[in-house]
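Asks: My questions will all concern the structure given below.
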Amino acid sequence: MKNGLHVLGYAAYLLVLSTLSFLFYWVIKIWIAMGRFTAADAPPGDIGETEKLFYSYVVPVGYGVMMTLLSFAYRQFLLKSPVSLSALFIIAINLLITVYFLAQFRSFSFS
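Numbering-wise, UniProt numbering puts 22 at position 22 of the sequence shown, and it's gapless, one number per residue.
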């Protein structure tokens, strides 16, 4: 029974994290596309270098830090229940998502 609760805790965490990450990805991608679309109508014609760097590095790293902190708060909440969540698992999953966002937003901003 205890293993089933651990699996359920990890599954619930992954489901919520993947859903939030998916929504975040599409909102930011649409936001960047809207900025590029409206910028094409008037000079200078595209988003600036500062915006590209911001969307490529600051936004994904900020999201990763925010989700890691929220995940550790969730982990503290779970300590009161029989379900546990590994700190290493939290860091690894959030690091993978952050690296993925860095690659995706960098290619989308600089293309």
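All C-beta atoms in this analysis are idealised placements derived from N, C-alpha and C, irrespective of residue type, glycine included.
The structure presented is a predicted model; accordingly, all values stated were derived computationally and were not measured.
Do residue 94 and residue 48 count as a contact pair if the criterion is CB distance below 7 Å?
Replies: no
Asks: Determine whether the Cβ of residue 74 lies closer than 7 Å to any Cβ atom of chain B.
Replies: Reference to chain B is not applicable here, since this structure consists of a single protein chain.
Asks: If I follow the unbroken alpha helix (DSSP H) through residue 61, where does it start and stop?
Replies: 59-78 is the span of the alpha helix (DSSP H), which, as asked, contains residue 61.
Asks: Whole angstroms is fine: what's the gap from residue 23's alpha carbon to residue 75's?
Replies: When only Cα atoms are considered, residue 23 and residue 75 end up about 22 Å apart.
Asks: Could you spell out the range, first to last residue, of the alpha helix (DSSP H) harbouring residue 93?
Replies: 87-110
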